[in-house]
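What follows is one structure encoded as structure tokens, with my remarks underneath.
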Amino acid sequence: MAAPRTSLRLVAAIWSTRGIHGRGGAATPEGSQKKGKTLLQFLSDRFYDVEFLREYFLQRQMLKVHQKNRSFTHMVEQYGPYIVGACFILDQGGMVKFQNNDWIGPKERGRFALEFSKFQEVSVEAVDASGCAINYEGLDNLLLLRNLQSLSLQHCPHVDDWCLSRLYPLASSLQELSLAGCPHISERGLACLHHLPNLRKLDISDLPAVSNPGLTQILMEEMLPNCEILGASWAQGLNVEPEEQPQDKASPVHV
Amino acid sequence: MLRRVLRLASGRALVARALSTRRGGSTPDRDGKVSEIKKKIQSILPGEPWNPLYDTSHLPPERSDVVIVGGGVLGLSVAYWLKKLENRRGAIQVLVVERDHTYSQASTALSIGGIRQQFSLPENIQLSLFSANFLRNINEYLAVVDAPPLDLQFNPLGYLLLASEKGAATMESNVKVQRQEGAKVCLMSPEQLQNKFPWINTKGVALASYGMENEGWFDPWCLLQGLRRKVQSMGVLFCQGEVTRFISSSSHMKTTSGKEVTLKRIYEVHVKMDHSMEYQPVECALVINAAGAWSGQVAELAGIGKGPPGTLQGTRLPVEPRKRYVYLWHCPQGPGLEAPLVTDMSGAYFRREGLGNNYLGGLSPIEEEEPDPGNLEVDYDFFQDKVWPPLAQRVPAFETLKVRSAWAGYYDYNTFDQNGVVGPHPLVVNMYFAAGFSGHGLQQAPGVGRAVAEMVLEGHFQTIDLSPFLFSRFYLGEKIQEHVII
Numbered sequence: 001m002a003a004p005r006t007s008l009r010l011v012a013a014i015w016s017t018r019g020i021h022g023r024g025g026a027a028t029p030e031g032s033q034k035k036g037k038t039l040l041q042f043l044s045d046r047f048y049d050v051e052f053l054r055e056y057f058l059q060r061q062m063l064k065v066h067q068k069n070r071s072f073t074h075m076v077e078q079y080g081p082y083i084v085g086a087c088f089i090l091d092q093g094g095m096v097k098f099q100n101n102d103w104i105g106p107k108e109r110g111r112f113a114l115e116f117s118k119f120q121e122v123s124v125e126a127v128d129a130s131g132c133a134i135n136y137e138g139l140d141n142l143l144l145l146r147n148l149q150s151l152s153l154q155h156c157p158h159v160d161d162w163c164l165s166r167l168y169p170l171a172s173s174l175q176e177l178s179l180a181g182c183p184h185i186s187e188r189g190l191a192c193l194h195h196l197p198n199l200r201k202l203d204i205s206d207l208p209a210v211s212n213p214g215l216t217q218i219l220m221e222e223m224l225p226n227c228e229i230l231g232a233s234w235a236q237g238l239n240v241e242p243e244e245q246p247q248d249k250a251s252p253v254h255v
Numbered sequence: 001m002l003r004r005v006l007r008l009a010s011g012r013a014l015v016a017r018a019l020s021t022r023r024g025g026s027t028p029d030r031d032g033k034v035s036e037i038k039k040k041i042q043s044i045l046p047g048e049p050w051n052p053l054y055d056t057s058h059l060p061p062e063r064s065d066v067v068i069v070g071g072g073v074l075g076l077s078v079a080y081w082l083k084k085l086e087n088r089r090g091a092i093q094v095l096v097v098e099r100d101h102t103y104s105q106a107s108t109a110l111s112i113g114g115i116r117q118q119f120s121l122p123e124n125i126q127l128s129l130f131s132a133n134f135l136r137n138i139n140e141y142l143a144v145v146d147a148p149p150l151d152l153q154f155n156p157l158g159y160l161l162l163a164s165e166k167g168a169a170t171m172e173s174n175v176k177v178q179r180q181e182g183a184k185v186c187l188m189s190p191e192q193l194q195n196k197f198p199w200i201n202t203k204g205v206a207l208a209s210y211g212m213e214n215e216g217w218f219d220p221w222c223l224l225q226g227l228r229r230k231v232q233s234m235g236v237l238f239c240q241g242e243v244t245r246f247i248s249s250s251s252h253m254k255t256t257s258g259k260e261v262t263l264k265r266i267y268e269v270h271v272k273m274d275h276s277m278e279y280q281p282v283e284c285a286l287v288i289n290a291a292g293a294w295s296g297q298v299a300e301l302a303g304i305g306k307g308p309p310g311t312l313q314g315t316r317l318p319v320e321p322r323k324r325y326v327y328l329w330h331c332p333q334g335p336g337l338e339a340p341l342v343t344d345m346s347g348a349y350f351r352r353e354g355l356g357n358n359y360l361g362g363l364s365p366i367e368e369e370e371p372d373p374g375n376l377e378v379d380y381d382f383f384q385d386k387v388w389p390p391l392a393q394r395v396p397a398f399e400t401l402k403v404r405s406a407w408a409g410y411y412d413y414n415t416f417d418q419n420g421v422v423g424p425h426p427l428v429v430n431m432y433f434a435a436g437f438s439g440h441g442l443q444q445a446p447g448v449g450r451a452v453a454e455m456v457l458e459g460h461f462q463t464i465d466l467s468p469f470l471f472s473r474f475y476l477g478e479k480i481q482e483h484v485i486i
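The listed protein sequences derive, respectively, from chains V and A. Numbering of the first sequence is given in my numbering, commencing with residue 1 and proceeding in unit increments. Numbering of the second sequence is given in my numbering, commencing with residue 1 and proceeding in unit increments.
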């Protein structure tokens with residue numbers, strides 16, 4: 001495609017000097033055009049190529065997330081579920097706490113690798129996966145940790161409602177869950193947490209995708225009566241002055 | 001070459017014109033005439049649309065490799081997979097013909113948007129599982145550069161199906177098949193049901209099956225718009241018009257046993273414009289019938305079913321529109337945030353809508369009481385007499401409810417066995433069907449679209465084998481009955 005284009009430009013240059021409409025001003029625009037031929041013009045001439053490149057980069061980004069969340073379940077027979085789950089979390093950049101031990105972070109990963117055999121039968125008690133790129137497929141590895149008691153998924157960019165619907169296998173042990181700051185979680189995913197009856201502490205603050213944080217807090221408290229829910233306050237969205245009409249139509253107080 | 005020159009020249013002429021107007025000395029009339037002449041010259045050049053008499057930009061193109069009749073979720077899904085699975089970029093030209101771009105009567109837009117894996121046929125379960133996968137990764141499948149990501153508003157709460165003593169054994173065997181295919185369904189006894197959902201009255205319930213993952217409901221309009229956007233970015237053309245005629249050529253052939261058979265091939269589709277007698281004959285290689293509730297009429301246009309009854313020529317496509325009502329009511333003491341889509345054994349179903357204790361629900365009427373599908377008017381007496389009593393019995397809180405509004409939509413109902421028709425017609429060799437899904441078309445659309453695209457491009461089903469869904473079963477009388485129909 002390059003050759004015809006260059007020849008076209010030559011032809012265009014020749015025609016323009018002759019002036020197809022006989023306009024005298026043809027000479028000066030041609031000169032200024034040569035100077036003004038910027039990078040943007042170059043790119044806009046090749047619009048479809050640029051769009052293809054951008055699509056390619058987008059696909060590559062998604063592929064990177066997939067690669068981080070690939071399944072390690074085939075290693076379970078060799079190392080046991082707890083080690084595999086812990087390795088996955090440490091790989092992602094999170095922290096793991098085995099029973100009766102201290103927190104192990106990505107920096108202590110080397111020491112952990114040497115002491116594999118010590119941790120083979122010890123179950124993982126708590127996982128702090130804040131800010132990790134865990135997504136739905138990565139939960140395959142996280143759900144290997146059957147006796148998990150505390151899970152923190154704060155500020156995870158890829159955790160969404162589908163992921164929350166997958167947490168029910170941890171129902172018998174999970175007591176603490178933190179979902180603060182996850183951009184894709186909405187009240188629909190939070191409703192799936194009713195599968196976790198042993199939950200005692202739930203943090204649902206700062207969830208931008210939840211449409212009505214105050215009302216969601218009330219409905220969650222009704223759904224999980226034994227759980228302490230931190231997050232929005234009931235007064236969020238309500239007008240404080242009693243004489244004004246409340247903006248929050250769905251609030252139970254002013255109905 | 002000339003075209004580029006003209007464009008450059010006209011660009012420069014515009015610059016010159018602007019400069020001259022700033023100086024304030026040009027005659028605008030002469031410039032207008034000059035640009036008209038330039039447009040006429042451009043249209044003579046080879047490759048440009050030749051329209052010397054009037055503007056034809058609202059008409060569909062004169063030829064297209066594939067014409068998809070129907071622009072709902074099934075038609076767009078087929079278009080998407082055709083463009084995704086083609087060998088080279090731009091190998092196939094696809095045209096989607098949709099009669100109503102506002103989708104005012106389309107089943108997709110009026111659906112409540114549920115997706116479930118609790119079917120009795122393995123093929124249905126596989127289609128649904130793939131569709132759940134598709135919806136979960138929708139921002140990877142339907143990603144368009146510079147467009148915002150899609151928010152399907154998926155609610156993963158699952159379906160809860162209740163069974164009485166009579167139906168308990170069937171439910172157990174169905175759940176076994178579902179688990180074999182990979183669906184996560186759990187069976188609950190009445191006591192467990194009462195513990196989990198205290199607002200249910202378990203009288204008469206012997207067994208319940210509850211979908212734990214990949215089941216729920218979503219916004220079908222968002223899926224439709226997402227597919228439309230992506231499919232347009234892949235180069236599929238859209239046309240607002242109605243298919244009124246198929247022109248086909250026939251060839252008489254003999255089967256191996258010496259019987260004479262006439263094979264037809266559609267080579268032209270007449271697309272009539274809205275509110276006008278104007279039509280455009282579109283030459284095509286393939287026609288995909290994804291017209292939903294009106295697929296039967298489109299099939300008749302192609303001559304399917306015109307023949308002596310009992311023969312293959314005389315077998316019509318048994319898909320007809322059936323009207324279904326959906327009611328929206330408010331109940332302040334109703335089931336909480338954790339309520340799944342509950343289906344009673346009487347067929348009545350309901351689900352929550354939003355945070356404000358509003359609920360959507362309905363009931364499929366029995367054969368004898370089918371409403372007239374001529375219009376989409378809602379019958380509120382149907383709610384009073386048929387829907388409310390079983391719901392109030394199942395959920396006592398629903399005794400005090402207030403209906404807010406209702407709407408009606410069409411099921412593209414397959415009167416033969418309530419399952420979809422997929423694949424080519426044996427006699428009209430280049431018409432492919434993707435219709436007749438009787439209420440579960442939306443949740444199977446991604447899977448069916450891929451299956452039809454595979455059939456078109458490869459000649460056989462590759463990922464999910466939908467051979468039981470071919471048209472020939474209507475002639476051979478082989479029903480594949482789906483037992484779990486809501």
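The C-beta atom is built at its ideal place from N, Cα and C for all residues, glycine as well.
query                                                                                                                                                                        : result
Assign Tyr413 (chain A) to one of two classes, buried (16 or more other C-beta atoms within 10 Å of its C-beta) or exposed (fewer than that).                                : buried
Quick check on the DSSP output: what are the complete beta strand (DSSP E) runs of length 3 or more inside the stretch 56-85 of chain V, in order along the chain?           : none
Name, in chain order, the residues that DSSP records as bridge partners for Asp412 (chain A).                                                                                : A:Pro321
Taking any Cβ of chain A, which residues in the stretch 190-201 of chain V have a Cβ under 7 Å from it, in chain order?                                                      : Ala191, Cys192 and His194
Measure the Cβ-Cβ separation of Val66 (chain A) and Ile288 (chain A) and say whether it is below 8 Å.                                                                        : yes
If the cut is a Cβ gap below 9 Å, which residues of chain A does Tyr136 (chain V) touch?                                                                                     : Arg136 and Asn137
Just the C-alpha distance for Gly211 (chain A) and Lys176 (chain A), rounded to the nearest angstrom, thanks.                                                                : 13 Å
Where DSSP assigns a beta bridge to Trp217 (chain A), which residues make up the other side?                                                                                 : A:Gly114 and A:Asn155
Let's test the definition: count the other Cβ atoms within 10 Å of the Cβ of Arg111 (chain V) and tell me whether it reaches 16, buried, or not, exposed.                    : exposed
Would you say Val269 (chain A) reaches chain V, if we count a Cβ-Cβ gap shorter than 8 Å as a contact?                                                                       : no
Sort V:His184, V:Tyr82, V:Glu176 and V:Asp102 by Cα distance to Cys227 (chain V) and report the nearest one.                                                                 : V:Glu176
Between the stretch 199-228 of chain A and chain V, which residues of the former have a C-beta closer than 7 Å to a C-beta of the latter?                                    : Met212 and Glu213
Indicate whether the contact test is met: 3 or more Cβ pairs, each with one atom in the stretch 88-95 of chain A and one in the stretch 216-229 of chain A, closer than 8 Å. : no
Here's the rule: buried if 16 or more other CB atoms are within 10 angstroms of the residue's CB, otherwise exposed. What is Val145 (chain A)?                               : exposed
Could you run through the stretch 151-175 of chain V and flag, in chain order, every residue whose CB is less than 8 Å away from some CB of chain A?                         : Asp161, Trp162, Leu164, Ser165, Arg166 and Tyr168
Among the candidates V:Cys163, V:Asn135 and V:Asn198, whose CA atom is the shortest distance from the CA of Asn147 (chain V)?                                                : V:Asn198
Does chain V have any CB closer than 8 Å to the CB of Phe154 (chain A)?                                                                                                      : yes
Could you work out which residues of chain A lie near Ala216 (chain V), taking near to mean beta carbons separated by less than 7 Å?                                         : One point to set straight first is that residue 216 (chain V) is Thr, not Ala, in the sequence displayed. Correct list: Leu355.
Given Pro332 (chain A), which residues of its chain have a CB within under 7 Å of its CB, disregarding the five upstream and five downstream residues?                       : Asn357
Which residues bound the alpha helix (DSSP H) around Gln126 (chain A)?                                                                                                       : Pro122 to Arg136
Give a yes or no on contact between the stretch 267-285 of chain A and the stretch 400-414 of chain A, applying the rule of three or more CB pairs nearer than 8 Å.          : no
Return no unless some Cβ of chain A is closer than 8 Å to the Cβ of Met95 (chain V).                                                                                         : no
Are Ile485 (chain A) and Leu121 (chain A) touching if we call contact CB-CB under 8 Å?                                                                                       : no
Determine, for Ala435 (chain A), whether the minimum Cβ-Cβ distance to residues of chain V falls below 8 Å.                                                                  : no
If you draw a straight line from the alpha carbon of Leu401 (chain A) to that of Leu82 (chain A), how long is it in whole angstroms?                                         : 47 Å
Is the Cβ-Cβ distance between Gln126 (chain A) and Ile464 (chain A) less than 8 Å?                                                                                           : yes
On the three-pair Cβ rule with 8 Å, is the stretch 215-222 of chain V touching the stretch 328-343 of chain A?                                                               : yes
Compute the Euclidean distance between the alpha carbons of Glu62 (chain A) and Ser35 (chain A), then round it to the nearest angstrom.                                      : 27 Å
When you compare only the Cα positions, how much space is there between Pro468 (chain A) and Asn124 (chain A)?                                                               : 11 Å
Among A:Ser43, A:Thr311 and A:Leu355, which has the Cα closest to the Cα of Glu260 (chain A)?                                                                                : A:Thr311
One question on the structure: do Thr108 (chain A) and Val78 (chain A) come within less than 8 Å of each other, judged by their Cβ atoms?                                    : no
Quick check on the DSSP output: what are the complete beta strand (DSSP E) runs of length 3 or more inside the stretch 356-429 of chain A, in order along the chain?         : 358-362, 402-414 and 421-424
Near Val326 (chain A), what residues of its chain come up, given a Cβ to Cβ distance below 8 Å and the 5 sequence neighbours on each side ignored?                           : Leu110, Ile112, Leu360, Gly361, Gly362, Ala406, Trp407, Ala408 and Gly409
Who are Arg265 (chain A)'s beta bridge partners in DSSP?                                                                                                                     : A:Ser249
Could you name the residues of chain V that Glu300 (chain A) contacts, counting a contact when the two beta carbons are closer than 7 Å?                                     : Under the 7 Å cutoff, chain V gives no residues; its nearest Cβ is about 42 Å from Glu300 (chain A).
Can you look up Cys186 (chain A) in the DSSP assignment and give me helix, strand or coil?                                                                                   : strand
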